[in-house]
Amino acid sequence: MTAERGKTKFQIDLRRHLRERGVERNLAHLICEIAEASKYIINSIRTGDLGVAGTSNLYGEEQLALDVLADRILTKRLLHCGVVANVLSEEVPEVTPVSLDCEGRYSVAFDPLDGSSLVDVNLAVGTIVSIYEGCDMMLPGSKQAAALYILYGPRTTLVYCCGDGVHEFGMNQLMEYYLLQEDIQMQQKANIYSPGGLRNLYTEGVEAYVQALEEGGVKLRYSGGFVPDINQVLMKGTGVFFYPHLKGKPDGKLRVAFELNPMAYLVEHAGGKASDGKTPILERAPESLNDRAPIFIGCTEDVEMAEEMIARLG
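Position in the sequence shown counted from 1, then plus 368, gives you my numbering.
In C-alpha cells, the structure reads:
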C-alpha cells in the first residue's frame, strides 16, 4: 500500500508496518523502543533546561543540558529493551556494553539530539540512529541492519529503513506514529542545495561546484540543522546537502558513525547517493569514534558532479 502524504487511506501504525514489511522481530522491537523514547525527548525539548550542562562530550565540546537529558532517555530505553548488545552515543566517550551474547541482538550508535544548539531559537532538531546486527558497529555503513531519524519540528516525524524502502511516519495527538508515506524515492537532479561550512574556506573544486549549481538555477535552502536539511531533501524528493572538506579542515565536520552512515543509508535506499567527494560514504568503516568525513548527499547527478569537480580541481 502506498499512502498519500498526510492522508493515509488506512491508519497503519509503526509496529504494524514493521510487521507487514517482514522486519525481524527483535529489530522491529528495537525500532519501536526508540520511537517510545522519542516521546520523552520531545517533552524535554518543550520543557527542559536550555542551558549548558557543565560537561563535555567525547570531542571536548561543551554539552547542553538537553543533550545530556536526551542521551539519558534514549540510553536507558536501549539498556532495558532486551535486544541490544552495545550502545554508542555521541555524548559518551566509550561504547556501553549491554550483553556479551550477540546472537539475535543489535548494536546501536546514535546522536541523541543533533542540532541541539538550535532549540533556544525554536528551530527543528532531531535524533539520528544507526543499527548493526550483533556486537560490532565499527563497520562500513553498508553493513547497517537499519537506520532512522526522528525530526522534532512543527510536526514530529520518524523516517526509517531496514533495507526495504524508506518510510515516513507522523506522530498523532495520542503520540503514536502512523504511516504518512512509504517507499520514498528521490529524483536524479536537485533543484535546492544546503551548504555547510564557511564558503571562504571552500577548495577550488567545491567553489566551482557551488557556482555550477547556482548557474543551473538550483536554489539555496539551508536550516543549519543536519536532520531537517536531510529531511527536506528526502521529503521533497530532490536536493543536495554538503559539508565539504575545507582549507585547513580536510575531514569536514560530521561524524561517520553517528551522522553520515545512517543518513547515507536512508538516502541511498531512496535512490540518492552519498559520497565523501571521492568514495561512497557507505564504503567507509569508521577508524575511530571521532572519525569524520566530508559529505555530499542527495540527488545522484549532483553528487556525481561534485565528485567530478573535486577530482579535477581539488
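Just so it is clear, CB atoms sit at the ideal spot from N, CA and C, and this is done for glycine as well.
Would you call the CB atoms of Leu491 and Gly592 closer than 8 Å? yes
Thinking just about the alpha-carbon of each residue, which of Glu636, Ala396 and Glu675 is nearest to the one in Glu501? Ala396
Is it true that the CB of Tyr561 sits closer than 8 Å to the CB of Gly607? yes
I'd like the ranges of any beta strand (DSSP E) spanning at least 3 consecutive residues and lying wholly in the segment 584-647. 608-611 and 641-643
Coil, strand or helix - Met554 by DSSP: coil
Short Cβ contact (8 Å threshold) for Tyr520 with Val527: no
Nearest CA to the CA of His535: which residue from Pro648, Leu542 and Gln549? Gln549
Glu458 and Asp479 look like a contact to me (Cβ under 8 Å); what is the Cβ gap, rounded to whole Å? 4 Å
Quick check on the DSSP output: the beta strand (DSSP E) that includes Asn454 runs from which residue to which? Val452 to Ser457
Scan the segment 476-504 and note each continuous beta strand (DSSP E) run of 3 residues or more that stays entirely inside, going in chain order. 493-501
Counted within 10 angstroms of its Cβ, other Cβ atoms place His448 as buried (16 or more) or exposed: exposed
Under 8 Å Cβ to Cβ from Thr524, same chain only, skipping five residues before and after it: list those, please. Ser406, Ile410, Ile518, Gly538 and Met539
Taking only three categories from DSSP, how would you classify Asp435? helix
State the Cα-Cα distance for the pair His385 and Ala576, rounded to the nearest angstrom. 44 Å
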